[in-house]
Every structure is written in structure tokens, then in C-alpha cells.
Amino acid sequence: EAQVTQNPRYLITVTGKKLTVTCSQNMNHEYMSWYRQDPGLGLRQIYYSMNVEVTDKGDVPEGYKVSRKEKRNFPLILESPSPNQTSLYFCASSPRPGQGPYNEQFFGPGTRLTVL
Amino acid sequence: QKEVEQNSGPLSVPEGAIASLNCTYSDRGSQSFFWYRQYSGKSPELIMSIYSNGDKEDGRFTAQLNKASQYVSLLIRDSQPSDSATYLCAVNRPGSSASKIIFGSGTRLSIRP
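Chains as they are written, first to last, in this note's numbering: chain A, 885 to 1000; chain B, 172 to 284.
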């Protein structure tokens, strides 16, 4: 089954404790992206990757890191989480950067993070 | 001005009626337009995409695009209770090396029996 998976699905942590949220897709997609979703603010892009070893900042990258060592995996790293990073996080992938259908994104199930 | 604007709702529509969801965008260079449905606590699911002016129909869903007015809409015919969800409009932001997608904050739709 074609899918995007994320782990963990739920996480409660404390300020300053490093954490990683994993994302994996099995559709051989080139483009992967991380979003956070907050009430009233919609989905905001954190980082994206156009292919292996190619990553770039989205609209809200502060406090986050990513890496893309393999095509299928795109982990999100919070080196020193803070309470304002409490949010619902989604990983997404699409076939490749470009126009039209290549932009159609498929989302993972989401990770609800609480930072105390 | 937000890049992608939607009325947050809630929009309440009786079962069997037509639900009309609207979205405006600010960048005239945008070329790709998407509607996602999101149930509470779940991930967004792509239901329609449209790339040229006019209407595109898929089952009970019709997407309408008017680039001159920078307006995209989604019509849901014969609304069902299962259509109750938040609908996200998404538009590509042109001019970057990777075509980035910008989401509106969504319209909450409620279908009443």
C-alpha cells in the first residue's frame, strides 16, 4: 500500500530534550516536506527536500532541523524543543518538484507533539 | 494580505443540498490549485486539483477556477453527513526553485440532517 508513515504518533516531552520524528514514504517520491498545523494558522511549511541531500527552509524553520540521506526518509529533528513547538506535525511527499500533478501531496497520519 | 484566504466558517448546509466553498489567492503567477479534506484529528486528503480556468468535475465534487479574479471554489453536490470536515484550499507559490504549496487555514463544513 502506497503510504507516508510517521512515528511517533503522539509525544509528550519536556523543554530542551532533543527529539526526532521520523517520516518514511514508499512511493519513490522525490519531494518531501514537513508542516505544522496550529489552530487558526493552518498548515505552515517547516522544511522541504527536493531530493536526497537537498533540503531548504520553509516558512517557519526556526528551531527545527532535517536531513535527507535516503530518498524514502525525511526525519524532523528538534534539538532543544520549547513549548511554542507544541503542535500537530505532518510529513508529506509528492512525486517531484514541478507543476501540475507533481505537486499533489500525500500526507502522513500526523504527530501530535506536546512540549512541557 | 494572506496568500490564500478562506472563510473559517462554520458553514452549515442541509443534507442533500449543495455546499459551496470559496478561496482567494494573492499571487497571479500561481498555476496549481488543490482542495484537501481534513477530518478532525486526521491528515489532509487530496480530493480535487485544478490547473486551468473553468470547471472540473469528479463525482459529487466540482472545482472552479477563475484566474482573472484569483478565485477558486469547490462545490459539493448532494451533501452527506460524511462531508462534514474542514476543507483546505492550497495554491502553489511560484518563483521558487521548488514549487511550494501554500495552504489556507480552512473552512469548517457541517452537514445537518
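By construction, the Cβ of each residue, glycine as well, lies at the ideal position given by its N, Cα and C atoms.
Compare the C-alpha of residue i against each of the options and name the closest.
{"i": "residue 869 of chain A", "options": "A:975, A:976 and A:970", "result": "Here chain A covers residues 885 to 1000 and nothing more, so residue 869 of chain A does not appear."}
{"i": "residue 965 of chain A", "options": "A:907, A:931 and A:946", "result": "A:946"}
{"i": "residue 913 of chain A", "options": "A:989, A:998, A:999 and A:961", "result": "A:989"}
{"i": "residue 254 of chain B", "options": "B:237, B:197, B:211 and B:204", "result": "B:211"}
{"i": "residue 200 of chain B", "options": "B:222, B:235, B:229 and B:259", "result": "B:222"}
{"i": "residue 193 of chain B", "options": "B:265, B:256 and B:242", "result": "B:242"}
{"i": "residue 892 of chain A", "options": "A:886, A:980 and A:903", "result": "A:903"}
{"i": "residue 994 of chain A", "options": "A:927, A:910 and A:885", "result": "A:927"}
{"i": "residue 231 of chain B", "options": "B:224, B:247, B:172 and B:219", "result": "B:247"}
{"i": "residue 187 of chain B", "options": "B:252, B:174 and B:206", "result": "B:252"}
{"i": "residue 238 of chain B", "options": "B:174, B:196 and B:258", "result": "B:196"}
{"i": "residue 906 of chain A", "options": "A:899, A:916 and A:998", "result": "A:916"}
{"i": "residue 973 of chain A", "options": "A:980, A:979, A:960 and A:967", "result": "A:960"}
{"i": "residue 213 of chain B", "options": "A:929, A:930 and A:921", "result": "A:921"}
DSSP has residue i in a bridge; who is on the other side?
{"i": "residue 225 of chain B", "result": "B:236"}
{"i": "residue 193 of chain B", "result": "B:244"}
{"i": "residue 953 of chain A", "result": "Answer is none; residue 953 of chain A lacks a bridge partner."}
{"i": "residue 216 of chain B", "result": "B:208"}
{"i": "residue 922 of chain A", "result": "A:926"}
{"i": "residue 264 of chain B", "result": "B:271"}
{"i": "residue 887 of chain A", "result": "Paired residues: none, contrary to the question."}
Assign residue i to one of three DSSP states: helix, strand, or coil.
{"i": "residue 252 of chain B", "result": "helix"}
{"i": "residue 909 of chain A", "result": "strand"}
{"i": "residue 987 of chain A", "result": "helix"}
{"i": "residue 967 of chain A", "result": "helix"}
{"i": "residue 904 of chain A", "result": "strand"}
{"i": "residue 1000 of chain A", "result": "coil"}
{"i": "residue 159 of chain B", "result": "Any property of residue 159 of chain B remains undetermined from this structure, which presents chain B solely from 172 to 284."}
{"i": "residue 946 of chain A", "result": "coil"}
{"i": "residue 203 of chain B", "result": "coil"}
{"i": "residue 895 of chain A", "result": "strand"}
{"i": "residue 210 of chain B", "result": "coil"}
{"i": "residue 185 of chain B", "result": "strand"}
{"i": "residue 935 of chain A", "result": "strand"}
{"i": "residue 940 of chain A", "result": "strand"}
Are the CB atoms of residue j and residue i within a distance shorter than 8 angstroms?
{"i": "residue 279 of chain B", "j": "residue 185 of chain B", "result": "no"}
{"i": "residue 281 of chain B", "j": "residue 182 of chain B", "result": "yes"}
{"i": "residue 999 of chain A", "j": "residue 979 of chain A", "result": "no"}
Chain A beta carbons: is any one of them nearer than 8 angstroms to that of residue i?
{"i": "residue 197 of chain B", "result": "no"}
{"i": "residue 227 of chain B", "result": "no"}
Does residue i come within less than 8 angstroms of chain B when only Cβ atoms are used?
{"i": "residue 1000 of chain A", "result": "no"}
{"i": "residue 987 of chain A", "result": "yes"}
{"i": "residue 927 of chain A", "result": "yes"}
{"i": "residue 924 of chain A", "result": "yes"}
{"i": "residue 993 of chain A", "result": "yes"}
{"i": "residue 1037 of chain A", "result": "Chain A is shown only over 885 to 1000; residue 1037 of chain A falls outside these bounds and no answer can be derived."}
Would you say residue i reaches chain E, if we count a Cβ-Cβ gap shorter than 8 angstroms as a contact?
{"i": "residue 950 of chain A", "result": "Absent here is chain E; the protein component of the structure consists of chains A and B."}
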